[in-house]
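Student:
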Amino acid sequence: AAWRTALDAYSVRLGALNNDKLLTLDRWFFEELPGAIAARVPRHMTAAELVLLVDWKMTRGKVRPRLLEFARAHSEGTVRDATAAAIAVLANARGGGGGRGRDVMERESEGGSVLVAKSKSRAKAKITPTPPATSATLAPALATRVAAATTQAMIAVEDIPSALAPLVALKGMGPATSSAVLAAADASIPFMSDDVMAVALPPSTGSSDTYSMPRLLQLAAKVRAKAAKVGLTAGEVERAVYSEAALTKTPKKDPLTGGDAAKKRKR
10 AAWRTALDAY SVRLGALNND KLLTLDRWFF EELPGAIAAR VPRHMTAAEL
60 VLLVDWKMTR GKVRPRLLEF ARAHSEGTVR DATAAAIAVL ANARGGGGGR
110 GRDVMERESE GGSVLVAKSK SRAKAKITPT PPATSATLAP ALATRVAAAT
160 TQAMIAVEDI PSALAPLVAL KGMGPATSSA VLAAADASIP FMSDDVMAVA
210 LPPSTGSSDT YSMPRLLQLA AKVRAKAAKV GLTAGEVERA VYSEAALTKT
260 PKKDPLTGGD AAKKRKR
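This is the structure:
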């Protein structure tokens, strides 16, 4: 129940951060991009979408301007070919059947750790909610994607590097950014966000290790295990964790008042 509550509060808590750009890009990533990818043959992303994805990643987390420069430098053909190859690996590794996916889910559900409890322990204050966006009110594209992800076979964790290979070959595309591409096409793969890593993984041994492939695979296994236990997809678990983490984030300053949106509403 706690995980579903956190997920249902995601939109409200995101809105409380008073960041219009984040809201716009986040809705695009979760509600529009998956459907756009699924509608293409072969399934792929465009160069403009890759730039938006990197912008979304930085707006939601840490700002790294060079990543956006690298993304803008990639040609349409380069992005189309790399993303199409990566998404094709996802489909091929799943094999089109549900048996393997169930085996993977059962295997990875062993030893899952409590993620939201750790995130909630960091919360400093509760936000008085307005009526939350629930799973029943999500955009059709996202609802379709979630429904499909709960019934189709999943790519095994050990096969994820093969799907990432065409993406990480592009300049400026590490495992974290590449995981966002895969997450947009398959809800069984979690985005490698700083917030979910903070509660699911031990501290990294150094800056070069933080966003490494081994840590992504470890993260995917942990998040999938939790997803299996609480009845969500891996993508939903990541958003539930971000929802809890949002309670501790500082809202963006209001340009007119110099304060944050929450304080403005209380006056």
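With this note's numbering, you'll find the sequence shown wraps up at 276, consecutive numbering, no jumps.
The beta carbon of each residue, even a glycine, is placed where N, CA and C say it ideally should be.
Predicted, not measured: the structure shown is a model, and the values here were computed from it.
1) Of the residues G44, V98 and R52, which one's Cα is nearest the Cα of R89?
2) Take Q227 and list the residues in its own chain whose beta-carbon comes closer than 7 Å to its own, dropping the five residues that flank it on each side.
3) In this structure, does DSSP put Y220 in helix, strand or coil?
4) Count the other CB atoms within 10 Å of the CB of K66; is the residue buried (16 or more) or exposed (fewer)?
5) One question on the structure: do E78 and A56 come within less than 8 Å of each other, judged by their Cβ atoms?
6) So, L176 versus A95, is the Cβ gap smaller than 8 Å?
7) When we look at the beta-carbon of P140 and count the other beta-carbons within 10 Å, is it buried (16 or more) or exposed?
8) Rounded to whole angstroms, what is the Cα-Cα separation between A45 and A91?
9) Quick one: grab the DSSP three-state call for I164.
10) For S188, name the three-state secondary structure that DSSP assigns.
Tutor: Looking at the atomic coordinates:
1) In the sequence shown, counting from the first residue as 1, residue 89 sits at position 80. When each option's Cα is compared against that of R89, the closest is R52.
2) Residue 227 sits at position 218 when you count from the first residue of the sequence shown. Hits under 7 Å: L210.
3) Mapped onto the sequence shown, residue 220 falls at position 211. Coil.
4) The residue labelled residue 66 in the question sits at position 57 within the sequence shown. When all chains shown are included, K66 counts as buried.
5) For the purposes of this step, residue 78 is identified with residue 69 of the sequence shown, where counting begins at 1. For the purposes of this step, residue 56 is identified with residue 47 of the sequence shown, where counting begins at 1. No; because the gap between Cβ atoms is not below 8 Å, this pair is not in contact.
6) The sequence position of residue 176 within the sequence shown is 167, counting from 1. The sequence position of residue 95 within the sequence shown is 86, counting from 1. It is a contact, given that the beta carbons lie within the stated cut-off.
7) Within the sequence shown, residue 140 is the residue found at index 131, counting from 1. Bear in mind that a pLDDT of 40 at P140, under 50, signals an unreliable position, so the model cannot answer this.
8) On the sequence shown, residue 45 is found 36 positions in, with the first residue counted as 1. On the sequence shown, residue 91 is found 82 positions in, with the first residue counted as 1. About 16 Å.
9) The residue labelled residue 164 in the question sits at position 155 within the sequence shown. If DSSP states are grouped into helix, strand and coil, I164 belongs with coil.
10) Numbered from 1 along the sequence shown, position 179 holds the residue referred to as residue 188. Of the three classes helix, strand and coil, the one that applies to S188 here is helix, per DSSP.
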